[in-house]
Amino acid sequence: MFMEKWVQNLVTHLSERLGSFSRKCIYSILSAGPLPRHIAFIMDGNRRYAKKQNLEEGAGGHRVGFLSLMNMLGYCYELEVKYVTIYAFSIENFKRRPEEVQSTMQLIQEKIEGLMEKESIVNRYGVRVHFIGNLNLLSEPVILAAKRAMDASKSNSKAVLSICIAYTSTDEIVHAIEETCEEKRDDLRILENSSAGSGLEESLVGVRDIEEHMYMKVAPDPDIIIRTSGETRLSNFLLWQSASALLYSPRVLWPEIGFRHLLQAVLDFQRNFSYLENKQKQV
Numbered sequence: 040m041f042m043e044k045w046v047q048n049l050v051t052h053l054s055e056r057l058g059s060f061s062r063k064c065i066y067s068i069l070s071a072g073p074l075p076r077h078i079a080f081i082m083d084g085n086r087r088y089a090k091k092q093n094l095e096e097g098a099g100g101h102r103v104g105f106l107s108l109m110n111m112l113g114y115c116y117e118l119e120v121k122y123v124t125i126y127a128f129s130i131e132n133f134k135r136r137p138e139e140v141q142s143t144m145q146l147i148q149e150k151i152e153g154l155m156e157k158e159s160i161v162n163r164y165g166v167r168v169h170f171i172g173n174l175n176l177l178s179e180p181v182i183l184a185a186k187r188a189m190d191a192s193k194s195n196s197k198a199v200l201s202i203c204i205a206y207t208s209t210d211e212i213v214h215a216i217e218e219t220c221e222e223k224r225d226d227l228r229i230l231e232n233s234s235a236g237s238g239l240e241e242s243l244v245g246v247r248d249i250e251e252h253m254y255m256k257v258a259p260d261p262d263i264i265i266r267t268s269g270e271t272r273l274s275n276f277l278l279w280q281s282a283s284a285l286l287y288s289p290r291v292l293w294p295e296i297g298f299r300h301l302l303q304a305v306l307d308f309q310r311n312f313s314y315l316e317n318k319q320k321q322v
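To convert a position in the sequence shown, counted from 1, into our numbering, add 39.
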């Protein structure tokens with residue numbers, strides 16, 4: 040029994056070393072072309088995967104999906120993608136069955152706390168963590184766990200992980216406009232009482248003012264958005280920031296995503312780089 044376990048561990052170790060070496064060779068080839076600074080993920084298909092595999096309804100698929108997330112983050116940071124953003128939980132998801140929401144929140148809290156462990160991917164790659172969204176909608180234990188994770192990682196500077204939770208893009212935009220108007224309130228009041236000509240109100244509040252109050256101001260606009268399950272909808276995710284992003288939609292469910300899908304997305308980005316760059320200049 041001991042020898043059998045030793046052989047299994049040896050095979051696993053050799054397989055991991057071979058996989059790591061192979062990826063390094065691929066990264067070296069990819070680095071000859073433009074590389075994305077920011078990749079965002081819409082992790083679609085956890086519930087369908089759970090149903091397909093007869094797993095526990097609710098958090099079953101999400102647990103397997105979390106393992107896929109850790110692998111994908113590792114690949115991105117090995118490729119030196121500095122910014123990664125994930126769509127973890129939409130405001131719309133609160134409309135799901137209460138027991139499903141509760142089990143998902145418990146899993147999220149558990150995994151957030153895991154980010155602070157010494158051997159976590161956050162510490163291994165020097166990642167700073169941001170939680171993005173209307174955090175007031177979350178339960179107090181999840182909020183406290185998120186704050187602890189952000190505080191614990193605030194000195195990390197090699198990479199940035201933005202976790203969108205209790206998030207929708209429309210909520211982000213409304214929040215940014217409200218904060219901008221609040222900031223400019225005195226200027227607007229002076230303008231209203233002055234005899235200045237019409238049209239100055241528009242110049243007082245500009246795009247940059249609104250962007251300064253976006254939740255996602257912590258990262259540049261994404262270069263690539265990957266959504267699994269073959270879906271091509273953004274589902275209210277980074278609508279403001281995605282005008283020049285490449286959308287890649289592999290048909291696999293999120294727990295089934297692998298290195299080859301990331302590789303395909305980066306190759307598509309490199310093939311379309313000139314077009315995307317021109318589009319970005321026009322925005």
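Even glycine gets a Cβ: it sits at the ideal position worked out from N, Cα and C.
| Item | Value |
| --- | --- |
| Classification of residue 256 by the beta-carbon crowding that lies within 10 angstroms, buried from 16 upward | exposed |
| 4 or more residues per run - each alpha helix (DSSP H) lying fully within the stretch 121-158 | 137-153 |
| Residues that DSSP places opposite residue 198 in a beta bridge | 166 |
| Identity of the residues DSSP links to residue 79 by a beta bridge | 124 and 264 |
| DSSP beta-bridge partners of residue 203 | 126 and 171 |
| Given residue 276 as reference, the closest of 301, 304 and 206 once Cα atoms are compared | 206 |
| For residue 286, the first and last residue of its enclosing beta strand (DSSP E) | 285-287 |
| Residue 290 to residue 301 span [Cα, whole Å] | 13 Å |
| Check whether residue 254 and residue 222 have beta carbons under 8 Å apart | no |
| At least three beta-carbon pairs within less than 8 Å, the stretch 256-269 to the stretch 63-72 | no |
| Residue nearest to residue 177 in terms of C-alpha spacing, selected from 118, 168, 144 and 151 | 144 |
| Secondary structure of residue 259, DSSP reduced to three states | coil |
| N-terminal and C-terminal residue of the alpha helix (DSSP H) that residue 246 is part of | 246-250 |
| Residue 308: first and last residue of the uninterrupted alpha helix (DSSP H) it sits in | 298-310 |
| Residue 276, DSSP secondary structure in three states | coil |
| For residue 222, three-class secondary structure by DSSP | helix |
| Cβ shell of residue 165 (< 7 Å), same chain only, five flanking positions each side left out | 195, 196, 197 and 198 |
| Secondary structure of residue 90, DSSP reduced to three states | helix |
| Inter-residue spacing [alpha-carbon to alpha-carbon] between residue 200 and residue 112 | 9 Å |
| contact_flag[the stretch 128-141, the stretch 155-170] where n(CB pairs < 8 Å) is 3 or more | no |
| Where residue 208 sits in the DSSP three-state scheme | helix |
| CA-to-CA distance, residue 267 to residue 309, given in whole angstroms | 20 Å |
| Exposure of residue 203, with buried meaning 16 or more beta-carbon neighbours within 10 Å | buried |
| Inter-residue spacing [alpha-carbon to alpha-carbon] between residue 127 and residue 64 | 31 Å |
| Closest residue to residue 62 among 114, 82, 78 and 193 (Cα-Cα distance) | 114 |
| Proximity test, residue 103 beta-carbon vs the ligand ADP heavy atom, cut-off 7 Å | This structure simply doesn't include the ligand ADP, nor any ligand for that matter. |
| Closest Cα partner of residue 191 within the set 213, 78, 173 and 167 | 167 |
| First and last residue of the uninterrupted alpha helix (DSSP H) at residue 114 | 98-117 |
| Spatial distance of residue 305 from residue 80 (CA atoms) | 13 Å |
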